[in-house]
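Asker: Per UniProt numbering, residue 7 is the first one in the sequence shown, and the count goes up by one each step. Beta carbons are placed, not taken as given, at the ideal position from N, Cα and C, and that holds for glycine. All values derive from a computational prediction rather than experimental measurement.
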Amino acid sequence: LKGQVLSFSRSPFDEGTPQDATQVSEAVAIQDGLVVGTGSLSDMQAQLPAAQLVDHGDKLIMAGFVDAHVHYPQTAIIASWGKRLIDWLNAYTFPEEMRFGERAYADEVANRYLDLTAANGTTTVCSFCTIHPESVDAIFSAAQTRGQRIVAGKTCMDRNAPDGLRDTPQTAYDDSDALIARWHGVDRLDYAITPRFSPTSTPEQLEAMGALWAKHPDCLMQTHLSEQVDEIAWVKSLFPQARDYLDTYEEFGLLGARGLYGHAIHLEERERHRLREFGAGLVHCPTSNTFIGSGLFDMNGLMAEGQRIGLATDTGGGSSFSMLRTMAAAYEIGQLRGTPLHATQLLWLATQGSAAALRLEDKVGNLAAGMEADLVVLDLASTPAIAQRTAQAQDLWEAVFATIMMGDDRAVAEVRIAGQVA
Ligand code: GUN
Ligand code: FE
């Protein structure tokens, strides 16, 4: 493929200018679902003499977006009005999640969700499901059919959820264990052990999840952490002996390098220290944090102390399926905290950053030899408003920034999953 091909040579949050973390070349060569290399068109044609050339003009070709924290079963309730976290869960989320015991409905939403995200340039997601094993089978089957790399897991809850939406410590363990056997490491699929968050699990269930993770240490573990102030107070009352919110996970073996902690907004010193010490993944969900009214993630402070951070829509708490819109929201939250993120930093978070949080940085999230050929082609002049801004941009980054701030699925000219047009 020919165009403006973007690769990262390091993190744009490290020392030096953010732009210097990137390389822009003329072409990317792909074969059998993998990236062969990036470079000049003549070099790429020399490497793959028989390859078909797809000329994307001056469009930007980059790794497909990696959305590190989503709830595919909340697809149909996105943009539900007027509630903060706990009321939003009870009023909108739980009634919808109840429907996923029916496999046909789960299949329908899983496919609709993967259509919507692919249309927005997202090639990998890490999703919560519902308590129903059928909901896990549905999303993994849909992704497998598409040849897509995803991570997902059965959401476990055994208290503070309505009838019909609770499992038990034992069934959560057994069902998750069976799903791991069925799906983990099959094709491009990975399993994440998924206790929803401390308020909806008893200590016994958290302990069972910790035991399951110890049995399957190569699985990820995903949950929520310190999203909203009321939620944190609730956790304190449910776990009076815990030192802080993170401690309710740590105590049960649910803190680790393959752990993913969504939101992580209102963190205490000890929590930051422990997350850093374990190299855990924090996931920034900016459209969700503004939509549900949760708070402003400390990107700069957390990056400066060396945390591993990914970016995510958190749909349907998040208000958009688009990682472009999500990058724009991350920029705006940075501004509200006094630290504007550079376009390269936003693009890195949406690809390499999220891939690294999911421990998939050697497979997806960048265009380099040996990486899987999941990519997105962005039209940097997709609407009249963006085109007139791009026309007077001084450099590529100014043009890209206009698409980040104002772009939507019209900017996505092509998506490839494992080399194939999606
Ligand atoms: N905390 C526990 N469950 C959820 C959820 O579904 N969405 C969000 N945003 N936060 C949560
Ligand atoms: Fe979430």
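#1: What do you reckon, is the C-beta of residue 114 under 7 angstroms from a heavy atom of the ligand GUN?
#2: Going by beta-carbon coordinates alone, are residue 287 and residue 363 separated by less than 8 angstroms?
#3: Expressed to the nearest angstrom, what Euclidean distance is found between the alpha-carbon atoms of residue 334 and residue 123?
#4: Going by other Cβ atoms of all chains shown within 10 Å of its Cβ, with 16 needed for buried, is residue 438 buried or exposed?
#5: Buried or exposed: residue 10, going by 16 or more other Cβ atoms within 10 Å of its Cβ?
#6: From 73, 21 and 37, pick the residue whose C-alpha is nearest to that of residue 327; which is it?
#7: Report the three-state DSSP secondary structure of residue 194 (helix, strand or coil).
#8: So within the stretch 284-344, which uninterrupted beta strand (DSSP E) runs reach at least 3 residues, ignoring any that extend past its ends?
#9: Select from 215, 273, 111 and 283 the residue whose C-alpha is nearest the C-alpha of residue 263.
#10: If you reduce the DSSP assignment to three classes, tell me which class residue 8 lands in.
#11: Check the DSSP bridge columns for residue 252 and list the partner residues they point to.
#12: Let's see if you can read the secondary structure: which residues bound the alpha helix (DSSP H) around residue 213?
#13: Quick check on this structure: which residue in 151, 79 and 120 has the alpha carbon closest to the alpha carbon of residue 139?
#14: Taking buried to mean at least 16 other C-beta atoms within 10 Å of its own C-beta, is residue 242 buried or exposed?
#15: Listed by chain order, which residues have C-beta atoms less than 6 angstroms from any heavy atom of the ligand ADP?
#16: Can you tell me the Cα-Cα spacing of residue 206 and residue 176, whole angstroms?
#17: Any heavy atom of the ligand GUN closer than 7 angstroms to the Cβ of residue 203?
#18: Between 358, 103 and 37, which lies nearest to residue 322 when the distance is taken from Cα to Cα?
#19: Report the CB separation of residue 218 from residue 199 in whole angstroms; it is logged as a contact under 8 angstroms.
#20: Would you kindly check if the distance between the Cβ of residue 214 and the Cβ of residue 178 is under 8 angstroms?
#21: When DSSP builds the beta bridges, which residues end up paired with residue 201?
#22: Say yes only if the C-beta of residue 298 is nearer than 7 angstroms to one or more non-hydrogen atoms of the ligand GUN, and no if none qualify.
#23: Rounding to the nearest angstrom, what Cα-Cα distance links residue 299 and residue 234 in this structure?
#24: Strictly by DSSP, which residues pair up with residue 132?
#25: Of all the alpha helix (DSSP H) runs that stay within the bounds of the stretch 67-117, which reach a length of 4 or more residues?
#26: Given 7 angstroms as the limit, tell me if residue 99 has its C-beta closer than that to any heavy atom belonging to the ligand GUN.
#27: Which whole-angstrom value describes the C-beta separation of residue 348 and residue 24, a residue pair presumed to lie in contact below a C-beta threshold of 8 angstroms?
#28: Can you check whether the CB of residue 380 is closer than 8 angstroms to the CB of residue 423?
#29: Taking the DSSP output, what are the residues bridged to residue 43?
#30: Could you check whether the stretch 43-58 touches the stretch 305-322, counting it as contact only if at least three pairs of C-beta atoms, one from each stretch, sit closer than 8 angstroms?
#31: Could you spell out where the alpha helix (DSSP H) holding residue 137 opens and where it closes?
#32: Nearer than 7 angstroms: is that true of the beta carbon of residue 233 relative to any heavy atom of the ligand GUN?
#33: Only counting the same chain, and skipping five residues up and downstream in sequence, which positions put a Cβ closer than 6 angstroms to that of residue 318?
#34: Which value, in whole angstroms, describes the spacing of the CA atoms of residue 330 and residue 414?
#35: Consider the C-beta atom of residue 325 and the heavy atoms of the ligand GUN; say whether any pair is separated by less than 7 angstroms.
Answerer: Inspection of the coordinates gives the following:
#1: Along the sequence shown, read from residue 1 onward, the residue named residue 114 stands at position 108. Of the heavy atoms belonging to the ligand GUN, none sits nearer than 7 angstroms to the Cβ of residue 114.
#2: The residue you call residue 287 lines up with position 281 of the sequence shown. The residue you call residue 363 lines up with position 357 of the sequence shown. Taking 8 angstroms as the Cβ cut-off, residue 287 and residue 363 qualify as a contacting pair.
#3: Residue numbering aside, residue 334 sits at position 328 when the sequence shown is read from its first letter. Residue numbering aside, residue 123 sits at position 117 when the sequence shown is read from its first letter. Using only the alpha carbons, I get a separation of about 17 angstroms.
#4: Residue numbering for the chain in the displayed model covers 7 to 428; residue 438 lies beyond these limits and cannot be assessed.
#5: For the purposes of this step, residue 10 is identified with residue 4 of the sequence shown, where counting begins at 1. Counting C-beta atoms within 10 angstroms of its own C-beta, residue 10 has 16 or more neighbours from the protein chains shown and is therefore classed as buried.
#6: If you number the sequence shown from 1, residue 327 lands on position 321. Cα-wise, what sits closest to residue 327 is 73.
#7: Counted from its first residue, the sequence shown places residue 194 at position 188. It is coil, neither helix nor strand.
#8: DSSP runs (the beta strand (DSSP E)) wholly in the stretch 284-344: 287-290 and 314-317.
#9: Walking along the sequence shown from the start, residue 263 turns up at place 257. Nearest of 215, 273, 111 and 283 to residue 263, Cα basis: 283.
#10: Locating residue 8 in the sequence shown gives position 2, where the first residue counts as 1. Residue state, collapsed to three classes: strand.
#11: What you label residue 252 is simply residue 246 of the sequence shown in a count that begins at 1. Partner(s): none; residue 252 has no beta bridge.
#12: Position 207 of the sequence shown holds residue 213. Here the alpha helix (DSSP H) through residue 213 covers 209-221.
#13: Here the question's residue 139 lines up with position 133 in the sequence shown. Comparing Cα positions, the closest option is 79.
#14: The residue labelled residue 242 in the question sits at position 236 within the sequence shown. Result: exposed.
#15: For the ligand ADP, the structure offers nothing, since it holds only the ligand GUN and the ligand FE.
#16: Mapped onto the sequence shown, residue 206 falls at position 200. Mapped onto the sequence shown, residue 176 falls at position 170. Put simply, the backbone Cα of residue 206 is about 15 angstroms away from that of residue 176.
#17: Here residue 203 refers to the residue found at position 197 of the sequence shown. It does: the Cβ of residue 203 is within 7 angstroms (strictly closer) of some heavy atom of the ligand GUN.
#18: Against the sequence shown, residue 322 aligns to sequence position 316. Considering only alpha carbons, the answer is 103.
#19: The count along the sequence shown starts at 1 and reaches residue 218 at position 212. The count along the sequence shown starts at 1 and reaches residue 199 at position 193. Going by Cβ atoms, the distance from residue 218 to residue 199 rounds to 6 angstroms, so yes, they are a contact pair.
#20: Looking up residue 178 in the sequence shown gives position 172. Looking up residue 214 in the sequence shown gives position 208. Contact: yes.
#21: Locating residue 201 in the sequence shown gives position 195, counting from the first residue. Partner(s): 162.
#22: Along the sequence shown, one-based indexing puts residue 298 at 292. Residue 298 Cβ: within cutoff of the ligand GUN.
#23: Taking the first residue of the sequence shown as position 1, residue 299 is located at position 293. Taking the first residue of the sequence shown as position 1, residue 234 is located at position 228. Rounded to whole angstroms, the gap between the alpha carbons of residue 299 and residue 234 is 8 angstroms.
#24: Counted from its first residue, the sequence shown places residue 132 at position 126. Residue 132 is bridged to 157.
#25: The qualifying runs are 91-94 and 100-103.
#26: Position 93 of the sequence shown, counted from the start, is the residue given in the question as residue 99. A heavy atom of the ligand GUN is found nearer than 7 angstroms to the CB of residue 99.
#27: One-based indexing of the sequence shown puts residue 348 at position 342. One-based indexing of the sequence shown puts residue 24 at position 18. Their Cβ separation, rounded to whole angstroms, is 4 angstroms, which keeps residue 348 and residue 24 in contact under 8 angstroms.
#28: On the sequence shown, residue 423 is found 417 positions in, with the first residue counted as 1. On the sequence shown, residue 380 is found 374 positions in, with the first residue counted as 1. Going by C-beta atoms, residue 423 is nearer than 8 angstroms to residue 380.
#29: To locate residue 43, count along the sequence shown from 1; it is residue 37. According to DSSP, residue 43 shares a beta bridge with 35.
#30: No, they do not touch.
#31: On the sequence shown, residue 137 is found 131 positions in, with the first residue counted as 1. Taken as a continuous stretch (DSSP letters only), residue 137 belongs to no alpha helix (DSSP H), as it is neither H nor E.
#32: Residue numbering aside, residue 233 sits at position 227 when the sequence shown is read from its first letter. Residue 233 Cβ: within cutoff of the ligand GUN.
#33: Residue 318 sits at position 312 when you count from the first residue of the sequence shown. Result list for residue 318: 73, 74, 75, 289 and 291, in chain order.
#34: Looking up residue 330 in the sequence shown gives position 324. Looking up residue 414 in the sequence shown gives position 408. In this structure, the straight-line span from the alpha carbon of residue 330 to that of residue 414 is close to 7 angstroms.
#35: Locating residue 325 in the sequence shown gives position 319, where the first residue counts as 1. Every heavy atom of the ligand GUN is 7 angstroms or more from the Cβ of residue 325, so no.
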